[in-house]
Structure formats: structure tokens, C-alpha cells
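A short write-up of the structure that comes next.
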């Protein structure tokens, strides 16, 4: 059966279960539930501290089929997931579900756990590297569930997934589990994705390489949620924690797109005092931030907040007084980590506060302008950031769908044609973000506004900017690249793409060998 | 039937229900549950802000028999409870349960709601003034439930009581419900008791008299928990918010007790670097703080944290470097409010983090020394701080039972004889805090150590301090006062005293007219 986005989705998926079909980005409005939790209380005289993961493992009620959760603030420098999974595999447990907020190339060891049947299911908002390749090759027993950052909080808080053990990488902790991410040799800044894990898992374990005296006066997650504190030599590699993503593009085409985007924002009606703004850490997104920064200074605009994964570029805008505060769910670079530690208006927030559709109001709901990327897009403005155009998993929504839904102006920035491939397709490989939540596409060849935004079309009807229809852009691209060939997939569903409300927007099939 | 404290408690209490009998302060250890919550999610485009309580009331699904919650950080200056209840009464609703963290003389209007059947049950950790008198006189339809500060968080989080509507007095809020207590004309400091309300109520309403631009970068309770924000003229009277309780006693007997207490602490084994400490805002308690402060300076002791309701005296100790941080659930005076705003190591915490026995470790569990008061005490060290010795409700546990249970050294400070009345009785009027959690009583006539603390008795066996048995102190008192007469009560149970784990330690009967 086809869903409202025209994607072929069965009503039941083996290893996933019944499908709730996507039915519009606001269809999840109504009565919601937070799940009940069971736990053991900790009374005077009880101790939480363990020296060494193996002795703690001896004590935990581990079992086949359990669900383990991890968060990805240590990014490509994370040691915790591998460290825990090595212990689990050594002990012979099988059929494990991993709920990791994201999975990076550093987690390549998991491929052997997948091949050996130790790990049979994965939940994540973003997967890149060898694990993504293994899933695309059909090696994982059950379909991976690819949710959004806000969706992950929803899944845990609603009880859609019960986590048996949450492992929290804690750059600093005291013996009772008051933890933060801004101090210590493995400082990573905000710990936004770890909040739901700590709140919702049956048993929560903080692993730290920086144990401080009780009480650690600065904590992002507090002692009332932590069962055990384990001291280890190192939770991560500082060089990998801060990955090299946060560089402004030097590509002149990218810079042209950034310049057009900034002009589009300026004329959009949202460029005014109190504007809130989010951009990612990609090269073009950062170039947009640089352009917007100059424009805000020139026009003496004072924004309200910037949100998201925070970079040094956004911190600089805050320091310039262009934003009054920063809402930070994860830090992308050292400047952001330093700012999260030092600036009281640099607020670390949970993923639920950031982007969960099922609470009493996420930060994304208050977002004016967001800049997002795309691997592929169709004429309905549906966006793929999950798979490559030849069908391999290489990313995922992260906060893409969340911010696109929440913001008043969601702008996709992308080269129209890159390496002879057009971003615009008749049918995109995977739908990550539904087009009804995307307002515009800015490319080097022009800007397309979503036809449903009649207000924006009206506003730009006499603009000097190169406003075109998305069909016109697609024709320009195809005149340069020709029609792209359809790619062929196998029959096995290797991943399910869940929208933030838990409905299914798409499925990913295995790659034909 | 008699419980293990020798108190006569039925198995079932009309208007309260089945009784779980107190069975020791650690008997509640084991598997616990946090309740499930239902709520309505708030999506992009939804608005929370209302100007005026009456228009909001028109919109809320109010009903007879509902449960409304309030917190008491505005203390005897609170306008919110009366304001809301006037609207409720005006609209004709009846059989309301009030779950207020504490009730003060300023809430005297509630007496008429009790008399009219608008309010039929009250939950509180502390009740003084006309409402206490009305309850003691048997006017409330159902028995009041007098819990502890930590017990209140437990009651809400476990679902023992479902709150339909929580009303949060918010000294500062933005339009989306990011609220704090440290800014604005009605600043009261920490908002510790309001956390459970915001988390657990079906619908949570923040009332503010200081609406600030979104986002309020400083929040103690965040937007994901608030359904509505209502702007009102004033949430409280600043003169009543800071009540006149925080003065060191000038009474020479009180000062003598303070001096003895400080010496007792110094020799107790707990007086060393890293000591954690809590004292109340009563005159003798503050005098103890002053003595301990001088002793810590003299011996160059650096403590770890001070907790509780925080006063300017404790802030001064923090400023002196005698404590590294402050854990604050409510501020008692302006100095504390100022410090909560300014000092990063002055940490505001939820009542659950402070003192709930049913989470993964409350702050009270890490407390070394606590100084507490008593209206009455018996030879088993059971303490009454709930009723006067003629049987009238005039207080309640607050954090008394919580800190006494959690701390390593719980010291009761009291005049042995005051106005010809002995603090020591054969049978106390009401048991608030079980004697097994109390370690010593310090009076002007000597110090009694709980016989179960054989370690302390051994430590003080050659002490120069006036160590006596509690029976000796009682004899001294009775030689001055004679045996106190037993007071007579009616047959109606007007209040149930719940221990922090939800078991019943005692019941209070109506006063014989």
C-alpha cells in the first residue's frame, strides 16, 4: 500500500511489527501518554560506585534479547559503545537491540556483533560508516529503525521501546551520578540525547573518566536517575569527539548558494528582531550562518535564540549579541563546548525539549528559520538525507524532520548538480522529511518555493532573486545530467524510516549486489 | 491496632482508605514505580499564553472532586492559592482536594471553602494558622494527609495521588513556560516543591507577574511541562514571601543549647573535611549554624555541601568557603534568594532530588549532620513537630523525617523546659519522625544519645559534655514541671501522618471542645 507520500509501505513489517502510516506532520496532535517506569530506590547507606566495567557487568541482570541504549555526544571518538558491547559479546549474550542516538565509523566493531547475531536490531537517528554499510547489505537480522532526534525521546518516553540498560558516557560525574559534559578530559559539551535514556531505562549506568568529589555542583543529569557510576580509563578520544565537520565551504558554488539563502531570508519576513535560527554543521550551512551574521550586523537585527547542534560559528553570533541565548542539544566543536561551560545563556537541553513532538512544547516549535541539507529532493519537496542516491544508508534525519516541522521557514540548501548528479529526482531513494514541512530549496541555479506557501510566493513575486518553480530547477538539472537511472533494490526491508510521531514515512530495502 | 511505634492506627480510615502501617525507616526498599502520565502535546502554532485567570478557567475541564496542587515558596505572602480557590468557589465546584506543599496563615480564606464543602481534603507537609485550626476542630470532611517534603514528591510520582491541575506560582516566565523563582518582583528563589507538580499533573498552569521574552534563558522548570501561562497582577506579597523567621535566638538558654550542640558535633566524628550539613530556620537552629561556623573556621574544616531550606546564614558559610556548594529546595530570606540567583554552586533542586525515598538517591542520603527541632519527644526519641502539646495542628514534618532518615547524625535541639512545659513526654501527642532515625537530643540540661547508637555512646563515654540518658533528662524536666496531664481527644480522625514512604506513622484526632 502507498502512504500519502506515495511510498510503498506494507501494513506489517517482519521484525518491526504493525505499521502506523504517516498521515501529515500535525496528525499526531492529541492525547499522549508517558510510560510508567519501574526501578529500585536507593536509600541511605547504598553505594553506586564501581571501579571497572567488568565487575559491574557481573552484577547486572543481563539477558538475551535485552535493549541497550547509548548516546553519541562523543561522536566519532566514542569508546563507550564498543567497550560495553565487547563485554556483552564476551559474555555470550545474543539478540541485543542497540538504541544509539547515532552511530559513527568508530563503531565498526559492531559489524562483527551483527554478523555473529549478538546484535539483531538497531535504533538510531543517524548511521554512517561500516555499520550503515552492513545494514544496507542486509546483514542485520531485523530492520533498523531510523527515527529523528525528537522521535528518539518520544520512543523512550512513550514506552514504544523499553530500554533495559542505558549506558551514559559522562565526561564528569561524582560517585552518586551528578554528571555533566563540559568538564574533564573527554568534555563534549551538551548531553541532550542522554536525558531520555537516563529517565526511561530500567537501569542507568554512567561511565566516567573524570570522577569528582560529591556533590558535582554542575550537573546536566542528576543523581536521582543514575543507578551505577563506573570509573573507566577513558570514555573517548578527544580528537574524534570534535570531528572535522565544522568548516565553512570554500567551494564557490556553495558560497553562491549561501549568499542567495541569506538574501532570501532577509526578504522572507522572518528577518527581524527576535528571529530564531538554526543551521547545521555542514559547509554550506555554515556559510549561510556567516552571511546571515553579516546581514544581521548590517541591519542591526537582534535575534532571540539559535538552537540545535551548536558550532563555534553560532557561538560567535551569540558573542556578537546577534542572539540572546543558545539552546544546545550537542556541541560540534571545541568553541561550542567552551561556551556551554562558560556562558549562562548557552543552555544545554534534552532532546525531548529540543524536538519531541509529544511533550508540552519543544524548542523547534519556536524556531523561525532553519537551514537544512539534502541528498535528494522531489518536486513535492520531500527530502532524503538518509541514503545516497545509489541507495546506501549514509546518514538519517537527526533533527532534520523535527526542525523542518517546527520552524516557520525551513530552507533546504544544496547544489543543484554535484558530480553530474542532480539533487532533484522524479522519485527520491528514501523520504526522510515530508515535503509539506519544507518551504524552499536554494540552489546555485535558483530558488524554489513550496507551492503551499502562497504567502511566500506572493512576497517574492517581484523579487530580484532567481525564484523558479521546482520543476524548472529540475529541468535545468536534467539538461545538464540527463534523466538519472532508476536504481534497483532487493526485496528485504533493511530499515524503517520513522517520522517524529512514530508513523512510518518510508522503508529502505537492501542493495542489489 | 498498634503500629511498631505503639500508636493506635486502624487498618482502614474513612475518607483516607487502607492503611499501610509504618514498618521501619528502610522498610520501603525495593522495586518502585513511577506512574504513567497522560497529557496533550503542544505542536508548532499552538499558544499557551493567557491574560487573566478567569478566561483560562473558562477553558479548563474543571469538575467536582478534582485535585488541585500548589507549592509554598511564596510562603505567607502567597496570593496564588487564594486567587485560584476564589475562582473555583465562584464557579460552584465542590469536593476539591488541595495538595499544597504547605499552608500558611495567609491561606485563611480556605476555612470558608472548607466550611462550605468546596474543599473536602488537604494534603500538605506543613499547616499553620486558621486552616490548621479548622482541621483540628474537625471541620474538614476527610482527614488531612500530612506527608513529608520528600513524601509529597513520592505521592505524585508514584501516582498515589493524581493531580488534575497544578498551579505554579512563577516569579518569572516566558510565554512558553520556562520559569524561574530568582527574577521578578515576586522572586522567592528555589522552586523545589513545584517540580513534581509540573511533572505529574494532568494539566499544569504557570501564573506569573513577570512575563519575559521567549526564551527565558534561566529556567528551573521548563516549557515541556507547562500547558498554560497566565499573566496576573501579582502572585504574592514580597513582605510575606520573606517571613521573619530567620533570626538567631537571643534567648540565653537557646544559645547554651547551640553551644552544646556545636561541641557535640565537633566530637561526633562527623566534624571533618567534606562534612555535609543542614539546619532549619528556627532561632536555635540558626544559633547552631553560627557556632558551627566559628568552629569550622577555627579548625579549618572545609565541608562539602549544606542543604535544605537555605538562609542567609548558610549562604555566609558558603561565602566563607566552609561549604563548596548549596543544595536548595526553598529560600527562607532575601540573602538566600540573591545567592540562588548569583552563585553557580548554589544549586536549586526538586523536592524529589532533595528528599524522595523512592528515586535513585536523594540528597538527604548524603547528609552527615542535620539539626532539627521538636515540640515533643518521648524516651524512644520519637519526635512531634506536627501538633502542639495540647493537640492542635501547628506544623508538620516538612523535611524533618526525610533528613532525619537520610543523615548520619540527626540532632534534635530543644529547650528541655519551656513555659513550664517539658519537651519530653511519656507519650507524645503525635509522632512525626520515628525515633529510630534520631541520634541525639541536645537541651540546656544535657545531651541524650539514642541507645541504638552504641558507637556514639562509646565515643562520648569520657566526654566533658553533659551526656545523660533521655530518662535522666525526663526526670530533671518533671522535677521542674510535674507530670504533664494527658490531653483528651475526640473520636474523629482529622489528619493522617504519613511517613516519607507512604506508610502511616500516626493519626491526629479532633480536639475535645
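Residue numbers (the numbering used here), protein chains in the order written: chain X, 12 to 524; chain B, 12 to 524. Every residue, glycine too, gets a C-beta built ideally from N, C-alpha and C.
Chain X contact for residue i (CB, 7 Å cutoff)
{"i": "residue 50 of chain B", "result": "yes"}
{"i": "residue 316 of chain B", "result": "yes"}
{"i": "residue 53 of chain B", "result": "yes"}
{"i": "residue 226 of chain B", "result": "yes"}
{"i": "residue 40 of chain B", "result": "yes"}
{"i": "residue 504 of chain B", "result": "no"}
{"i": "residue 467 of chain B", "result": "no"}
Pair within 7 Å by beta-carbon distance, residue i and residue j
{"i": "residue 424 of chain B", "j": "residue 488 of chain B", "result": "no"}
{"i": "residue 440 of chain B", "j": "residue 408 of chain B", "result": "no"}
{"i": "residue 225 of chain B", "j": "residue 185 of chain B", "result": "yes"}
{"i": "residue 324 of chain B", "j": "residue 300 of chain B", "result": "yes"}
{"i": "residue 289 of chain B", "j": "residue 378 of chain B", "result": "yes"}
{"i": "residue 214 of chain B", "j": "residue 178 of chain B", "result": "no"}
{"i": "residue 522 of chain X", "j": "residue 402 of chain X", "result": "yes"}
{"i": "residue 92 of chain B", "j": "residue 118 of chain B", "result": "yes"}
{"i": "residue 247 of chain B", "j": "residue 140 of chain B", "result": "no"}
{"i": "residue 273 of chain X", "j": "residue 303 of chain X", "result": "yes"}
{"i": "residue 101 of chain B", "j": "residue 125 of chain B", "result": "no"}
{"i": "residue 265 of chain B", "j": "residue 295 of chain B", "result": "yes"}
Neighbour flag for residue i against chain B, beta carbons, 7 Å
{"i": "residue 237 of chain X", "result": "yes"}
{"i": "residue 234 of chain X", "result": "yes"}
{"i": "residue 46 of chain X", "result": "yes"}
{"i": "residue 187 of chain X", "result": "yes"}
{"i": "residue 420 of chain X", "result": "no"}
{"i": "residue 417 of chain X", "result": "yes"}
{"i": "residue 364 of chain X", "result": "yes"}
{"i": "residue 70 of chain X", "result": "no"}
{"i": "residue 372 of chain X", "result": "yes"}
{"i": "residue 376 of chain X", "result": "yes"}
{"i": "residue 43 of chain X", "result": "yes"}
{"i": "residue 358 of chain X", "result": "yes"}
{"i": "residue 169 of chain X", "result": "no"}
{"i": "residue 37 of chain X", "result": "yes"}
{"i": "residue 58 of chain X", "result": "no"}
{"i": "residue 538 of chain X", "result": "Nothing about residue 538 of chain X can be reported from this structure: the residues present for chain X run from 12 to 524 only."}
{"i": "residue 369 of chain X", "result": "yes"}
Rounded distance between the beta-carbons of residue j and residue i, thought under 8 Å
{"i": "residue 269 of chain X", "j": "residue 298 of chain X", "result": "3 Å"}
{"i": "residue 207 of chain B", "j": "residue 363 of chain B", "result": "6 Å"}
{"i": "residue 33 of chain X", "j": "residue 14 of chain X", "result": "5 Å"}
{"i": "residue 6 of chain X", "j": "residue 59 of chain X", "result": "In the structure as shown, chain X begins at 12 and stops at 524. Residue 6 of chain X is therefore absent and cannot be evaluated."}
{"i": "residue 381 of chain X", "j": "residue 415 of chain X", "result": "7 Å"}
{"i": "residue 147 of chain B", "j": "residue 404 of chain B", "result": "5 Å"}
{"i": "residue 245 of chain B", "j": "residue 90 of chain B", "result": "6 Å"}
Opposing strand residues paired with residue i [DSSP bridges]
{"i": "residue 69 of chain B", "result": "Bridge partners of residue 69 of chain B: none, in fact."}
{"i": "residue 62 of chain X", "result": "X:242"}
{"i": "residue 471 of chain X", "result": "Partner(s): none; residue 471 of chain X has no beta bridge."}
{"i": "residue 42 of chain B", "result": "X:51"}
{"i": "residue 342 of chain B", "result": "B:321"}
{"i": "residue 479 of chain B", "result": "B:459"}
Residue from the options with nearest C-alpha to residue i
{"i": "residue 48 of chain X", "options": "B:121, B:169, B:418, B:202", "result": "B:169"}
{"i": "residue 413 of chain X", "options": "X:377, X:509, X:253, X:159", "result": "X:159"}
{"i": "residue 193 of chain X", "options": "X:406, X:344, X:60", "result": "X:344"}
{"i": "residue 243 of chain B", "options": "B:447, B:486, B:66, B:335", "result": "B:66"}
{"i": "residue 221 of chain X", "options": "X:205, X:189, X:233", "result": "X:189"}
{"i": "residue 456 of chain X", "options": "X:448, X:482, X:340", "result": "X:482"}
{"i": "residue 430 of chain B", "options": "B:485, B:492, B:468, B:506", "result": "B:492"}
{"i": "residue 517 of chain X", "options": "X:438, X:495, X:312, X:322", "result": "X:438"}
{"i": "residue 291 of chain B", "options": "B:130, B:468, B:342, B:40", "result": "B:342"}
{"i": "residue 501 of chain B", "options": "B:513, B:520, B:340, B:484", "result": "B:520"}
{"i": "residue 143 of chain X", "options": "X:115, X:152, X:129", "result": "X:115"}
{"i": "residue 333 of chain X", "options": "X:309, X:228, X:110", "result": "X:309"}
Closer than 6 Å: residue i CB and nearest the ligand NAD heavy atom
{"i": "residue 93 of chain B", "result": "The model depicted lacks the ligand NAD and carries no ligand whatsoever."}
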